[in-house]
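Have a look at the structure below, then the notes.
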Amino acid sequence: MSNQTLFFHQNETIKIAYKILDHGSQETKNQIPLIMIMGLNGLKEDFQPLSDARERQGLGESQQPLETSMTIEDLAKLVFMLANHVKWKQFHLLGYSMGGMIALTTALNISPGFKIEKLILCSTSSKVTFSKYVEDLKKLDKLSFTPERKRQFILSLLELNFTKEWIEANPKIFAKIVEDEIEFMNRKSHAVIAKQIQVVEKFDAESKINAILIPTLIIHGDKDKVIPVNHGEFIHHIMPSSKFIKLKNAGHLFYIEHQGSVKIINEFLTSKDHSIS
Numbered sequence: 001m002s003n004q005t006l007f008f009h010q011n012e013t014i015k016i017a018y019k020i021l022d023h024g025s026q027e028t029k030n031q032i033p034l035i036m037i038m039g040l041n042g043l044k045e046d047f048q049p050l051s052d053a054r055e056r057q058g059l060g061e062s063q064q065p066l067e068t069s070m071t072i073e074d075l076a077k078l079v080f081m082l083a084n085h086v087k088w089k090q091f092h093l094l095g096y097s098m099g100g101m102i103a104l105t106t107a108l109n110i111s112p113g114f115k116i117e118k119l120i121l122c123s124t125s126s127k128v129t130f131s132k133y134v135e136d137l138k139k140l141d142k143l144s145f146t147p148e149r150k151r152q153f154i155l156s157l158l159e160l161n162f163t164k165e166w167i168e169a170n171p172k173i174f175a176k177i178v179e180d181e182i183e184f185m186n187r188k189s190h191a192v193i194a195k196q197i198q199v200v201e202k203f204d205a206e207s208k209i210n211a212i213l214i215p216t217l218i219i220h221g222d223k224d225k226v227i228p229v230n231h232g233e234f235i236h237h238i239m240p241s242s243k244f245i246k247l248k249n250a251g252h253l254f255y256i257e258h259q260g261s262v263k264i265i266n267e268f269l270t271s272k273d274h275s276i277s
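In structure tokens, the structure reads:
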């Protein structure tokens, strides 16, 4: 397994960091690759256990000048630019939270010569309604942090992503997540996060997603406080080729809380149709 960070240069000023996991192994070389897009404020490390992750422009090791325009359509185009760069004309696509919004936009605007085999939408929405998580993130660019204030701010953000029951049952794991996020926050541009929020503020695909005929799996935790579960249910109701899985007692970061979620995703990707056993 290669864990090396690679870079795709869109032009002289924009650089996208990504990783390819298990690429070229005997077990996976004949499988359709999976491209994963993380959520708002996320880094490629968020999806370390799975196939491929790319950072959005301006976060982590990716670079983009602040004056460069950014729309949800621009971010969707980057999916195909990166796929072309790694020579993947056929791939599965998974989007988590804001990444799910990018994935929906990507599926609605497939570039000629490419094919998305299956689509997975995790904890996402077809139209943004603001939660406390997003409203708190808006404050990042205006706040002056002492180390303790930064810790408390990150702690309050992360508490919104998990159920209270899971945090109480897994204090050591949650404490490690908090420490990792404090470290990762040093790699994140607060101004770029604010710019991403401006992008999702304008996102509204509710009237379009019925045109997506790609076999689609929608997964949502029933206790998601960032994007409530009814948003996932709405997408399922509108999209004709979708399957909806509601995870009991799971929050926004269900793939950490719910041990069976990775198995559900793998079964969907390896099945000959889009049904879930």
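Just so we're aligned, residue 1 is where the sequence shown starts under full-length UniProt numbering, counting upward by one. The C-beta atom is built at its ideal place from N, Cα and C for all residues, glycine as well.
Whole-angstrom distance between residue j and residue i, CA atom to CA atom
{"i": "Met70", "j": "Ser207", "result": "22 angstroms"}
{"i": "Lys87", "j": "Met98", "result": "25 angstroms"}
{"i": "Arg149", "j": "Phe114", "result": "46 angstroms"}
{"i": "Ile212", "j": "Lys243", "result": "13 angstroms"}
{"i": "Ala103", "j": "Ile238", "result": "16 angstroms"}
{"i": "Arg155", "j": "Leu40", "result": "The amino acid at residue 155 is misidentified as Arg; the sequence shows Leu. Distance between the alpha carbons of Leu155 and Leu40: 17 angstroms."}
{"i": "Asp180", "j": "Ile37", "result": "20 angstroms"}
{"i": "Ile116", "j": "Leu269", "result": "12 angstroms"}
{"i": "Ala169", "j": "Leu157", "result": "19 angstroms"}
{"i": "Trp166", "j": "Val178", "result": "14 angstroms"}
{"i": "Phe254", "j": "Leu247", "result": "8 angstroms"}
{"i": "His236", "j": "Ile193", "result": "29 angstroms"}
{"i": "residue 325", "j": "Gln152", "result": "Within the shown structure, residues of the chain are numbered from 1 to 277, placing residue 325 beyond reach of any answer."}
{"i": "Ile197", "j": "Lys89", "result": "30 angstroms"}
{"i": "Ala175", "j": "Ile218", "result": "29 angstroms"}
{"i": "Asn84", "j": "Lys77", "result": "11 angstroms"}
{"i": "Val262", "j": "Pro147", "result": "35 angstroms"}
{"i": "Thr124", "j": "Thr163", "result": "17 angstroms"}
{"i": "Asn266", "j": "Lys272", "result": "12 angstroms"}
{"i": "Asp222", "j": "Pro171", "result": "21 angstroms"}
{"i": "Ala205", "j": "Pro228", "result": "17 angstroms"}
{"i": "Ser126", "j": "Lys225", "result": "16 angstroms"}
{"i": "Ile35", "j": "Ser111", "result": "15 angstroms"}
{"i": "Arg54", "j": "Ile209", "result": "Low confidence applies to Arg54: its pLDDT is 39, below 50, so where it sits in the model is not reliable, and the reading given next is rough at best. Distance between the alpha carbons of Arg54 and Ile209 is about 24 angstroms."}
{"i": "His80", "j": "Lys195", "result": "Just to set this straight, residue 80 is Phe in the shown sequence, not His. Near 22 angstroms, if we compare the C-alpha coordinates of Lys195 and Phe80."}
{"i": "Ile173", "j": "Phe184", "result": "16 angstroms"}
{"i": "Phe234", "j": "Met101", "result": "14 angstroms"}
{"i": "Leu66", "j": "Leu108", "result": "No answer about Leu66 holds up, because its pLDDT of 44 lies below 50 and its placement is not dependable."}
{"i": "residue 278", "j": "His220", "result": "Residue coverage of the chain in this structure runs from 1 to 277, which leaves residue 278 outside it and unanswerable."}
{"i": "Lys159", "j": "Glu73", "result": "Per the sequence shown, the amino acid found at residue 159 is Glu instead of Lys. Roughly 31 angstroms separates the two Cα atoms."}
{"i": "Ile245", "j": "Leu82", "result": "29 angstroms"}
{"i": "Ile182", "j": "Ile264", "result": "30 angstroms"}
{"i": "Phe203", "j": "His252", "result": "19 angstroms"}
Continuous beta strand (DSSP E) stretch holding residue i: start and end
{"i": "His92", "result": "Gln90 to Tyr96"}
{"i": "Lys118", "result": "Lys115 to Cys122"}
{"i": "Met36", "result": "Leu34 to Ile37"}
Neighbour-count burial assignment, residue i, 16 or more Cβ in a 10 Å radius
{"i": "Asn161", "result": "buried"}
{"i": "Val199", "result": "buried"}
{"i": "Pro33", "result": "buried"}
{"i": "Ala250", "result": "buried"}
{"i": "Thr106", "result": "buried"}
{"i": "residue 278", "result": "Any question about residue 278 goes unanswered here, given that the chain covers just 1 to 277."}
{"i": "Pro215", "result": "buried"}
{"i": "residue 278", "result": "No answer is possible for residue 278: the residues shown for the chain start at 1 and end at 277."}
{"i": "Glu257", "result": "buried"}
{"i": "Gly232", "result": "buried"}
{"i": "Thr129", "result": "exposed"}
{"i": "Gly260", "result": "exposed"}
{"i": "Phe91", "result": "buried"}
{"i": "Leu75", "result": "buried"}
Bounding residues of the alpha helix (DSSP H) (the contiguous stretch that carries residue i)
{"i": "Lys77", "result": "Ile72 to His85"}
**Q.** Every unbroken beta strand (DSSP E) within the region 189-274, with a cutoff of 3 residues, ordered by chain
**A.** 216-221 and 242-247
(Q) Counting beta carbon pairs with one atom in the region 115-129 and one in the region 89-96, are three or more of them shorter than 8 angstroms? (A) yes
(Q) In chain order, what are the residue ranges of uninterrupted alpha helix (DSSP H) at least 4 long that sit wholly in the region 152-184? (A) 164-169
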